[in-house]
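>
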Amino acid sequence: MKKYLACLLFVSFFSHAGTALDSALKPWSPSQIQQNGDVLQIVLPQAKITDGLYKSVITMGLCPVVWEGKAGDLKGVTEVALLNQFGKQGYVVEEVISTCTEMGKLTGAESDTYLLGKTRLY
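Numbering (mature numbering (1 follows the signal peptide of the UniProt record, and there is no 0)), first residue to last: -17 to -1, 1 to 105.
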């Protein structure tokens, strides 16, 4: 019985993948973070994802994970879809690791322009 409980605790502790990513996105209270193939879907509890919200989640939440060298949470992810609470509207950033890496080298409007060039509507 003790081995069974220890196994359950071990599995529950280590089954929570993406802890750096979860922590980085916590200020936006995502209701769901799930990976489908090479697409990471982040569902926020808002009825509409605005461009300002999208830019803030990417630049202050997602990209710092890459800049801090914790991109292991994004291994195998090529696109990140930031979606509304219904999963029907939002934005998709392509080539997320290379996009964030390049954005880290740019400043201000150049960074925003680069992000928009790697973004499409969902």
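Glycine residues also receive a C-beta, built at the ideal position from the N, C-alpha and C atoms.
Let me know the secondary structure DSSP gives A54 once reduced to three states.
It is helical.
> Using the beta-carbon count (16 or more within 10 Å), is T82 buried or exposed?
With 16 or more other Cβ atoms within 10 Å, it is buried.
> Within this structure, are the beta carbons of V26 and E62 separated by less than 8 Å?
Contact: no.
> Could you name the residues of the same chain whose beta carbon sits closer than 8 Å to that of L66, not counting the 5 residues immediately before and after it, in chain order?
Cβ neighbours of L66 beyond the five flanking positions: Q24, I25, V26, L27, I32, Q72, G73 and Y105.
> According to DSSP, simplified to helix, strand and coil, what is Y105?
In the structure shown, Y105 sits in coil (DSSP, three-state: anything other than H, G, I, E or B).
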